Structure formats: C-alpha cells, structure tokens
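**Student:** I'd like to ask some things about the structure below.
2 protein chains.
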Amino acid sequence: MPTIRDVARLAGVSVATVSRYLNHKGYVSRETAEKVEAAIRALKFEPNEVARGLANQKLNAIAVILPDITNPFFPELLKAIDEQAERYGYNVLVWNARSHASKRSSYARMIRQQYLDGAIIAAHDIAEDEIARLQAEAIPLVLVDRPSAHGVPQIRSRNREGARLAVRHLMAIGAEKIAHLSGPASILPAAERRQGYLDEVEARPWFAPSLIVGGELSIEGGMAATEALLARHPDVDAIFAANDLMAIGALKVLHRRGIRVPEDVALIGFDDIPLAAVVEPELSTVRQPVDVMGRLAVDLLLRRSNARPKKKHPAAQPIERPDDPSSAAGPSVYELEVTVIERASTLRKNR
Amino acid sequence: MPTIRDVARLAGVSVATVSRYLNHKGYVSRETAEKVEAAIRALKFEPNEVARGLANQKLNAIAVILPDITNPFFPELLKAIDEQAERYGYNVLVWNARSHASKRSSYARMIRQQYLDGAIIAAHDIAEDEIARLQAEAIPLVLVDRPSAHGVPQIRSRNREGARLAVRHLMAIGAEKIAHLSGPASILPAAERRQGYLDEVEARPWFAPSLIVGGELSIEGGMAATEALLARHPDVDAIFAANDLMAIGALKVLHRRGIRVPEDVALIGFDDIPLAAVVEPELSTVRQPVDVMGRLAVDLLLRRSNARPKKKHPAAQPIERPDDPSSAAGPSVYELEVTVIERASTLRKNR
DNA sequence: GTGAAAGCGCTAACAG
DNA sequence: CTGTTAGCGCTTTCAC
Numbered sequence: 001m002p003t004i005r006d007v008a009r010l011a012g013v014s015v016a017t018v019s020r021y022l023n024h025k026g027y028v029s030r031e032t033a034e035k036v037e038a039a040i041r042a043l044k045f046e047p048n049e050v051a052r053g054l055a056n057q058k059l060n061a062i063a064v065i066l067p068d069i070t071n072p073f074f075p076e077l078l079k080a081i082d083e084q085a086e087r088y089g090y091n092v093l094v095w096n097a098r099s100h101a102s103k104r105s106s107y108a109r110m111i112r113q114q115y116l117d118g119a120i121i122a123a124h125d126i127a128e129d130e131i132a133r134l135q136a137e138a139i140p141l142v143l144v145d146r147p148s149a150h151g152v153p154q155i156r157s158r159n160r161e162g163a164r165l166a167v168r169h170l171m172a173i174g175a176e177k178i179a180h181l182s183g184p185a186s187i188l189p190a191a192e193r194r195q196g197y198l199d200e201v202e203a204r205p206w207f208a209p210s211l212i213v214g215g216e217l218s219i220e221g222g223m224a225a226t227e228a229l230l231a232r233h234p235d236v237d238a239i240f241a242a243n244d245l246m247a248i249g250a251l252k253v254l255h256r257r258g259i260r261v262p263e264d265v266a267l268i269g270f271d272d273i274p275l276a277a278v279v280e281p282e283l284s285t286v287r288q289p290v291d292v293m294g295r296l297a298v299d300l301l302l303r304r305s306n307a308r309p310k311k312k313h314p315a316a317q318p319i320e321r322p323d324d325p326s327s328a329a330g331p332s333v334y335e336l337e338v339t340v341i342e343r344a345s346t347l348r349k350n351r
Numbered sequence: 001m002p003t004i005r006d007v008a009r010l011a012g013v014s015v016a017t018v019s020r021y022l023n024h025k026g027y028v029s030r031e032t033a034e035k036v037e038a039a040i041r042a043l044k045f046e047p048n049e050v051a052r053g054l055a056n057q058k059l060n061a062i063a064v065i066l067p068d069i070t071n072p073f074f075p076e077l078l079k080a081i082d083e084q085a086e087r088y089g090y091n092v093l094v095w096n097a098r099s100h101a102s103k104r105s106s107y108a109r110m111i112r113q114q115y116l117d118g119a120i121i122a123a124h125d126i127a128e129d130e131i132a133r134l135q136a137e138a139i140p141l142v143l144v145d146r147p148s149a150h151g152v153p154q155i156r157s158r159n160r161e162g163a164r165l166a167v168r169h170l171m172a173i174g175a176e177k178i179a180h181l182s183g184p185a186s187i188l189p190a191a192e193r194r195q196g197y198l199d200e201v202e203a204r205p206w207f208a209p210s211l212i213v214g215g216e217l218s219i220e221g222g223m224a225a226t227e228a229l230l231a232r233h234p235d236v237d238a239i240f241a242a243n244d245l246m247a248i249g250a251l252k253v254l255h256r257r258g259i260r261v262p263e264d265v266a267l268i269g270f271d272d273i274p275l276a277a278v279v280e281p282e283l284s285t286v287r288q289p290v291d292v293m294g295r296l297a298v299d300l301l302l303r304r305s306n307a308r309p310k311k312k313h314p315a316a317q318p319i320e321r322p323d324d325p326s327s328a329a330g331p332s333v334y335e336l337e338v339t340v341i342e343r344a345s346t347l348r349k350n351r
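Line order of the protein sequences matches chains C and P.
Read in full-length UniProt numbering, the first sequence has 63 at position 63, and its numbers run on one by one without any break.
Read in full-length UniProt numbering, the second sequence has 43 at position 43, and its numbers run on one by one without any break.
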C-alpha cells in the first residue's frame, strides 16, 4: 500500500504538497499538480481514511441509532439517510438501540472514541439522560420522530394534524363511530396522533373514551387492541390506528371475525410503510415523507458539524432545503407535512 | 479528551506501560496496574479507536453489502449480523450495493482505506469481477446467498432441497397441477429453487414447461408472473413461488380474480420473512434460518481475520459452531437446512 | 517489569 | 507556491 510519502518521492515533491493537492487546500502549481497526479496514478495511491481521521480528529462518518431495524419503517428511513450521507461522502454506522446501548458503553463514548461526526437518533427507547449527555458533550445530534427536552434539532411529522386528517377522512366516507388504536403514551408521535383523534371526535355525541384502546405499535399490538375494542364496541364502523403495523393487526382480527373491510368497518393507519399497499384490502394511511426525513436529518447533522457536500459528485442532486431555511441557525423542530393516502380499506361505503 | 499520555503522567509510568495494561499484553506488575487503573478512572480516559486503528492497521469493523435494505429479508439478516458483530466488539458498516459501488469507488478500495477487517456480501448485484478483486487482494470475505467462482466462503440454504420439500408438501395436500413462479436465472438461489421444483414435477404427466413463469423476486414480479400464469393455465391448483415476496404478489392477483386460497389454489413461498405471517391467508413457506446465517457469516469472517470474541463480555453466549466444524480451515460452502412452515395458504383441501 | 523512541499515514502551521 | 517539521493517539520493538 503506497503512502503519501511514496507519492511525494516519485513526484519529486514534499508530502505537504501532495496533501494540499489531495485536499484542494492551498496553492499547487499546474505543473506540480500534474506530476503529483501522475505519481498517484502510477502507484495507485489511495489516501488512508484512518490516518486522515486521526490527523483531522474526524472520520467522516455518522451513527444512526434505530430502535428496531425489523420494523419496516426504519429500513426506509435508513435508506434515505444512507443515500444522503453517501452524497456527502460520509459513512453510516448502524446501531441497534437495544443491543448496543449500555452494553458495550455509552453512545457518547463510542462516538468520541471513533471520531464520528454525530448521530441521528430515531430510537424512542434511548433514555433522555443519554441524550442529555450527548448534548452536553456537544456531539452533533438530530432526532427523528422522538422528542427531547433540550433544544436538540428534531424532525418529525405533523402527527396531530395527520391524525385529524385521517379521522376527517373516515367521517367523509360516512363513518359514524370511529375508534382509535393508540400506541404507548410514552412515545410522542403516538401521543400526538391520539390527541389529533381526540380533537376531531371528542365533541361528537357518539364519542366515549373507551373507543380508545392502547397497545404496542406492532402487528401483535394491533391485534390485541382490536380484540379488546370489539369486545367493548361491537358496533364501531371505522378504526384509526396509530400506525400501519397496528392497522394490519386490526385487519387480521377483523378478517378472522368475518368483519368486512371497508364495508363493515373502514380502517386507516399511519406511516405508509410498503406493507400498507400489500395487504388485502390495501390499507389507507397517512403518509410520512420518510425520504425527506432522512435527507433532512443528514443535512441538519452535517451542517451542524461544518461539513459540505463533496464537490467530487457534481452529478449529485442539489441538497434539498429544509422546510424553513429562514433562520441561519435553523429552528430546532422541523415538522413535515403528511398526506392521506386513500386505498381500498376506506373506499366510500355510503351513497 | 485525556490521552494515554495523560494517564501515563498521572500514574507516574510510561505510555508503553499503559498501553500494555490496556491490551493485556506483556507484563505489568500488580502494583503499577493499580496505579494505571486509578489514573484511568480519575481522568475518565477512553482509548481512541481511530489512533488504535492507525497503529494496528485495523479498525475492528466490517462492511455488510446488501442489495436492497427495503426487502424484508435483509433487515433480518442485518440484525443477526449486527448482534454477532457486537459480541466480538466489532462495528458494522452497512453499504447499499446500488448506491455505493462504482459510484464512489470500488469496495476493495473503501475497505482498504478504512482498515476494515472484511466484508459480508449478500448482494447478488455485485459483479463477479468485483469479488475477484477483493479476493485477489486477500480481503476477508463471506458470501451469503450468492455464489462465486473463486473459493470464497459461502453461506446459503438448501434451496434445491427446500423447493422439493415445498412441492412435495403441495402434492401431499392434494395438488394436481403445480406451477412455479421463478426468479431470474442469474440469481443462484432462484435457479436452485427452480431446479428443485423440476426435480419433483418433471416426470409428472401433467407437467409442462409453461408452468414455470419467470419474474423479479418482488411483489410486483410475483403479480406479473401470476397474471401470465393464469392466462396460460387457468386450471392450476397450486403455486410454488421462488420467494415470499413473489408469493405475496401472487396472493394479491388471485384475490383480485376471486380465486380462493387455498381452496382453489394452494400457495407456498420461500424465505419466511415476517410478512409471510401477516398476509391473509397466512402464507406457507420454506424457512431459511436467517439468524444462523448471520451469525455464521460473522464467525467465518472474523475467524479468517484472526479475531477472537472479546473477553470483555463473559455474559455473551458461546459462539455457535458452524454446521461442519470438522476441518480446521473450514469448508468453503455452508449449506443450511430449511424447513417447511405450514400455514393457511396450503391448508389441506382434499379429504 | 518498564521506558525511550520510532513509527502508523496524513494534516497543518510556519518558513522560505 | 513549496518544503520542513511537529503532531494526531496509540502500539511496539529493544534496551535497561
């Protein structure tokens, strides 16, 4: 493996010159640039990222901390993050919140030890104090879909508004008794969606608190919640689930019971994971712009850590601006728009 | 950030001694060990991984190259790999085959530049010559579910045998005309599954080559293939799909056409992705032991690169032995057993 | 047992 | 514009 030293020797210049050439820093005459170029090609020189990392105290890599990679929402997010990081020439380390954390050592420690540029945290199961510590150590951070007390930049969807849209959509197609399968109150997006549901239905004559049934944000959670719901309210004619996985669980239970969707019960979820378009009937849902969320997360993170997109890839699309680029420092919470996706599970059944 | 130097100074010893202590190499007297320990604690010293990487010419990290993280099979695999890597104290870099490759630079180059310990390749869309190059440069490699000419260690399932099991299962429940939705011939597992299907049905009186319909290994591919199949053979009573995604596509089309599963057409897939248990009816399938595949991949890779599980985690489960631990060097192909999972889509319909 | 010193490969003042 | 040189933080001979 040739080093910068070999290149310098062959080109008849100093290592400093080669380094300058490599990093487009400082001046290098046309003439010497060519000699260096030739030497690099001749030796098939490849700059060593680890050595650069040591010298620069940064490795051009970020960590992404996810709660559960097998939940279909996260691979989508990860993909978007990865593609954007790639544009900046950054590497992405994927950490599973549950297996890593506490176990090996704290995230802060791992990030420092490896000279990472920061972390994108999408895990709701990371304790607030762990975040506080990262924040305290001035480690660049961006939170996706999870809140934090300290002004850490956050990216999220308009969950409350989305929930309202979903409920209104159900009403628009004629639903007259709408239930909600809600996620754990400790998970902010779930709480917001629940609130959005309440905003729309609380004043209705048919509303009863027991129309809200809690459960895990998973298929199993949705199944259990639906069972409970049907026991209490066999006459619901529409369900708004806190996320698509729960909605799919509901679908399964309804199906088993011989309850037709959407004829007997209309159903809508939240997220628009790929699965939503796969189940039968296809699931209506509230779409989160996961690709935008991923891109934005990377942009915010790397902007904070002073990175710039590499000039090396002129083909790369221009980096999309965040929703609100007005203030230079940037707001600390980015709320992204959501949209209702109408599919078969809410095909209008009246009229 | 305190360095090893600070620790040495505080402990009144040399950096060499601290280093020895840290790595359990060479002798350190009980006495000095304690002084060093105290200093480390006092300073909250954390060894810098990048500096170690430079000095050791290795960073204790591996790359995992996947074709498409949004295909549900891969997050499962990634999870298993990640958990095992964690046990060794290794980091995992996730690379998307399509976005990275050729674009930035070759994998070989990226791996060398970053002092990675090797790569697990699960991407069928990486050209053979790219693998040859990695191999030529002596970069430790393990292939999952994809073949290679040069004796690179490979992990795969008994695809052919699994296909035979699937077909036999269909026959056992009374199927009398079984079709196959096959994946691209260029993807080895797909070709093997197709061959397994042929093994079982070729000699049957009802068999016709047109019962095999090719397509992409995706939901859309399965849908298209099923349409084509039904046009040619409206009377099939069972379908074996090359993977679960295709089977789910088939399910959708059958559903739309009002063809009941399993009453009119029985259906079985391959892989056992989580989705299989979610669709309605639940999908029978041939299960690949994805968790074993992931663990084994890491074991093989790190064994090759001379790593040992960290002693730091006595709690970690013992590393599972590969199927065939007989030869020290290890065979180059590990074929894992598969099993038929019977679910509703092949509930016996005769009798 | 322990320390001095020479790297690992690259960056960044600071002279010239 | 270019070269010298001192690091970045840790590992590893090789003496003592």
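Ideal placement from N, C-alpha and C gives every residue a C-beta, glycine not left out.
The model shown is predicted, which means the values in this text are computed figures rather than measured ones.
Could I get the ranges of all uninterrupted beta strand (DSSP E) runs contained in the segment 80-118 of chain C, with 3 residues as the minimum, in chain order?
**Tutor:** DSSP runs (the beta strand (DSSP E)) wholly in the segment 80-118 of chain C: 91-96.
**Student:** Determine the extent of the beta strand (DSSP E) in which A238 of chain P is found, giving its start and end residues.
**Tutor:** Where A238 of chain P is concerned, the enclosing beta strand (DSSP E) stretches over A238 to A241.
**Student:** Could you give the uninterrupted runs of the alpha helix (DSSP H) lying entirely in the segment 239-286 of chain P, keeping only those of 4 residues or more?
**Tutor:** Counting whole runs of 4 or more residues, the segment 239-286 of chain P contains the alpha helix (DSSP H) stretches 244-256.
**Student:** Just reading off the beta strand (DSSP E) that T339 of chain C is part of, what are its end residues?
**Tutor:** Here the beta strand (DSSP E) through T339 of chain C covers T339 to I341.
**Student:** CB I131 of chain P to CB G294 of chain P, shorter than 7 Å?
**Tutor:** Taking 7 Å as the Cβ cut-off, I131 of chain P and G294 of chain P do not qualify as a contacting pair.
**Student:** Note down, in chain order, every chain C residue with its Cβ under 7 Å from the Cβ of H255 of chain P.
**Tutor:** Within 7 Å Cβ-Cβ: E280.
**Student:** So, does the CB of P140 of chain P fall closer than 7 Å to a CB anywhere in chain C?
**Tutor:** Judged by the 7 Å Cβ criterion, P140 of chain P is not in contact with chain C.
**Student:** For P318 of chain P, count the other beta carbons within 10 Å of its own beta carbon; 16 or more makes it buried, fewer makes it exposed. Which is it?
**Tutor:** Confidence at P318 of chain P is low in this model, with a pLDDT of 32, below 50, so its placement is unreliable and the value that follows should be read with caution. The residue is exposed, with fewer than 16 neighbouring Cβ atoms inside 10 Å.
**Student:** If contact means a Cβ-Cβ distance below 8 Å, which residues of the segment 21-38 of chain P contact chain C?
**Tutor:** The segment 21-38 of chain P vs chain C, Cβ under 8 Å: nothing.
**Student:** Just tell me which of C:A16, C:L211, C:L116 and C:R41 has its CA closest to the CA of K58 of chain C.
**Tutor:** For the residues C:A16, C:L211, C:L116 and C:R41, the minimum Cα distance to K58 of chain C belongs to C:L116.
**Student:** Go to L10 of chain C, then tell me how far its alpha helix (DSSP H) extends in each direction, as first and last residue.
**Tutor:** From DSSP, the alpha helix (DSSP H) with L10 of chain C extends over I4 to A11.
**Student:** Just by C-beta distance, which residues in the segment 154-175 of chain P are closer than 8 Å to chain C?
**Tutor:** If the cut-off is 8 Å between Cβ atoms, the segment 154-175 of chain P has nothing near chain C.
**Student:** Specify whether the segment 225-240 of chain P and the segment 144-159 of chain P touch according to this definition: at least 3 beta carbon pairs, one from each stretch, less than 8 Å apart.
**Tutor:** No, because fewer than three Cβ pairs between the segment 225-240 of chain P and the segment 144-159 of chain P fall closer than 8 Å, the two stretches do not touch.
**Student:** Express the C-alpha separation of V340 of chain P and E216 of chain P in angstroms, rounding to a whole number.
**Tutor:** Approximately 23 Å between the Cα atoms of the pair.
**Student:** Tell me whether N56 of chain C is buried or exposed, calling it buried when 16 or more other Cβ atoms sit within 10 Å of its Cβ.
**Tutor:** Flag for N56 of chain C reads exposed.
**Student:** Mapping the DSSP letters down to three states, classify G214 of chain P as helix, strand or coil.
**Tutor:** Strand, per DSSP.
**Student:** Tell me the rounded alpha-carbon separation between E280 of chain P and L254 of chain C.
**Tutor:** Each residue's Cα considered, the two are about 11 Å apart.
**Student:** Less than 7 Å between the C-beta atoms of I238 of chain C and A250 of chain C, yes or no?
**Tutor:** The question names Ile, but residue 238 of chain C in the sequence shown is Ala. Taking 7 Å as the Cβ cut-off, A238 of chain C and A250 of chain C do not qualify as a contacting pair.
**Student:** Cβ of N48 of chain C less than 7 Å from any chain P Cβ?
**Tutor:** Chain P contact via Cβ: present.
**Student:** According to DSSP, is Q288 of chain C part of a helix, a strand, or is it coil?
**Tutor:** It is coil, neither helix nor strand.
**Student:** Which chain P residues are close to Q114 of chain C, counting only those with a beta carbon under 7 Å from its beta carbon?
**Tutor:** In chain order: E49 and V50.
**Student:** When the Cα atoms are used, what is the spatial distance from D264 of chain P to A344 of chain P?
**Tutor:** C-alpha separation (whole angstroms): 13 Å.
**Student:** What three-state label does DSSP hand S182 of chain C in the structure shown?
**Tutor:** Strand.
**Student:** Is there contact between the segment 17-29 of chain P and the segment 23-36 of chain C, where contact requires at least three CB pairs shorter than 8 Å?
**Tutor:** Judged by Cβ distances under 8 Å, the segment 17-29 of chain P makes no contact with the segment 23-36 of chain C, as fewer than three pairs qualify.
**Student:** Chain P partners of T70 of chain C, CB-CB under 7 Å?
**Tutor:** Neighbours of T70 of chain C on chain P, chain order: P75, E76, K79 and P274.
**Student:** What residues in its chain sit with their C-beta under 6 Å from that of A85 of chain P, if we drop five residues either side in the sequence?
**Tutor:** If we look at A85 of chain P and ignore the five residues flanking it on each side, its Cβ neighbours are V92 and V298.
**Student:** Are at least three pairs of beta-carbons, each pair with one atom in the segment 195-213 of chain P and one in the segment 171-181 of chain P, less than 8 Å apart?
**Tutor:** Yes, the segment 195-213 of chain P is in contact with the segment 171-181 of chain P.
**Student:** Determine, for R193 of chain P, whether the minimum Cβ-Cβ distance to residues of chain C falls below 7 Å.
**Tutor:** By this cut-off, R193 of chain P is not an interface position.
**Student:** By the criterion of Cβ-Cβ separation under 8 Å, what are the contact partners of M1 of chain P in chain C?
**Tutor:** By Cβ distance, chain C contributes R112.
**Student:** Less than 7 Å between CB atoms is the rule here; does D237 of chain C satisfy it with respect to chain P?
**Tutor:** With 7 Å as the cut-off, D237 of chain C does not count as an interface residue toward chain P.
**Student:** Suppose the cutoff is 6 Å on Cβ atoms and the five residues either side in sequence are ignored; what does the same chain contact list for S148 of chain C look like?
**Tutor:** Contacts found: I131.
**Student:** Would M1 of chain C be called buried (16 or more neighbouring beta carbons within 10 Å of its own) or exposed?
**Tutor:** Answer is exposed; the Cβ neighbour count stays below 16.
**Student:** Roughly how many whole angstroms lie between the Cα atoms of G222 of chain C and Q114 of chain C?
**Tutor:** Their backbone Cα atoms lie some 40 Å apart in a straight line.
**Student:** To the nearest whole angstrom, what separates the beta carbons of G196 of chain P and A163 of chain P, a pair I think is in contact under 8 Å?
**Tutor:** Right, their Cβ atoms sit about 3 Å apart.
**Student:** Excluding sequence positions up to five away, which residues of its chain have a Cβ less than 6 Å from the Cβ of D271 of chain P?
**Tutor:** So the list reads F73, N243, D244 and Q288, once near-sequence residues are dropped.
**Student:** So, helix, strand or coil for A123 of chain C, using DSSP?
**Tutor:** A123 of chain C falls in the coil class under three-state DSSP.
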